[in-house]
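J.: Below is a structure I'd like to ask you about.
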Amino acid sequence: MKETSRRRLSVVLFSGDYDRVHYSLAIASAAAAIDRPVSLFLTGNGLKLILDDFEGVPGWSLLGNSENGQSALKRDQEHHKNGICTIDATLKACVELNVKIYRCEMGIVIAGLNKKAFRDDLPLKSGGLSTFLSEAEKDGGQIIFI
375 MKETSRRRLS VVLFSGDYDR VHYSLAIASA AAAIDRPVSL FLTGNGLKLI
425 LDDFEGVPGW SLLGNSENGQ SALKRDQEHH KNGICTIDAT LKACVELNVK
475 IYRCEMGIVI AGLNKKAFRD DLPLKSGGLS TFLSEAEKDG GQIIFI
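Written out as structure tokens, the structure is:
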């Protein structure tokens with residue numbers, strides 16, 4: 375019997391809203407956990423997810439408020455209290471499950487950032503849309519835009 379490969383899942387994370395960022399990580403880690411190859415392409419306000427810490431405050435705390443109006447930090451603390459994976463725990467799971475994390479070169483320029491603004495503890499790849507789309511088409515890929 376021929377073994378078939380799993381369809382690639384490629385997530386474009388454009389939103390910087392905490393709830394959408396958190397759920398995109400949940401989708402990516404769940405897909406990777408069932409052996410789907412996964413790529414996460416961060417651009418726009420989604421790049422805030424991987425900003426380096428500043429004076430002990432996580433860079434991702436700059437994400438927009440959750441849909442219930444809570445700040446990113448407050449919402450993350452609430453998730454932790456309720457036994458839901460936090461941003462850091464879910465991002466760590468993505469790394470451990472070999473999710474490829476790309477930061478959009480055009481998005482970095484538009485945001486006025488440079489590569490030093492990002493965390494150095496994550497295996498980040500740099501690339502543009504052509505890099506992402508070339509990766510996304512592998513294995514009968516599926517793209518989700520968040």
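When you read off a place in the sequence shown, starting at 1, and then add 374, the result is the number in the numbering used here.
Glycine is no exception: its CB is placed at the ideal position from the N, C-alpha and C atoms.
#1: Between Gly-501 and the rest of its own chain, which residues show a CB-CB distance below 6 Å, the 5 nearest in sequence each way excluded?
#2: Which word fits Asp-581, buried or exposed, when buried means at least 16 other C-beta atoms lie within 10 angstroms of its C-beta?
#3: Give the C-beta separation of Ile-554 and Val-385 to the nearest angstrom, bearing in mind that I take them to be a contact with Cβ-Cβ under 8 Å.
#4: Is the beta carbon of Leu-437 less than 8 Å from the beta carbon of Leu-414?
#5: Alpha carbons only, please: which of Cys-478, Arg-382, Leu-447 is nearest the one belonging to Ala-404?
#6: Can you tell me where the alpha helix (DSSP H) with Arg-449 in it begins and where it stops?
#7: What does the Cβ neighbour count give for Ala-402, buried or exposed, with the cut at 16 atoms within 10 Å?
#8: Near Arg-410, what residues of its chain come up, given a Cβ to Cβ distance below 6 Å and the 5 sequence neighbours on each side ignored?
#9: Starting from Leu-387, trace the alpha helix (DSSP H) both ways and give me its first and last residue.
T.: Looking at the coordinates:
#1: Here the set comprises Tyr-476.
#2: Only positions 375 to 520 of the chain appear in the structure, and residue 581 is not among them; the question remains open.
#3: Because the chain is modelled from 375 through 520, residue 554 falls outside the range shown and cannot be assessed.
#4: With respect to Leu-414, Leu-437 sits apart: the two C-beta atoms are not nearer than 8 Å.
#5: Ranked by how close their Cα comes to the Cα of Ala-404, the residues Cys-478, Arg-382, Leu-447 have Arg-382 in first place.
#6: Arg-449: member of the alpha helix (DSSP H) spanning 446-455, first to last residue.
#7: That one is buried.
#8: The residues are Arg-380, Leu-383.
#9: The continuous stretches of alpha helix (DSSP H) do not include Leu-387, which lies in the beta strand (DSSP E) extending over residues 383-387.
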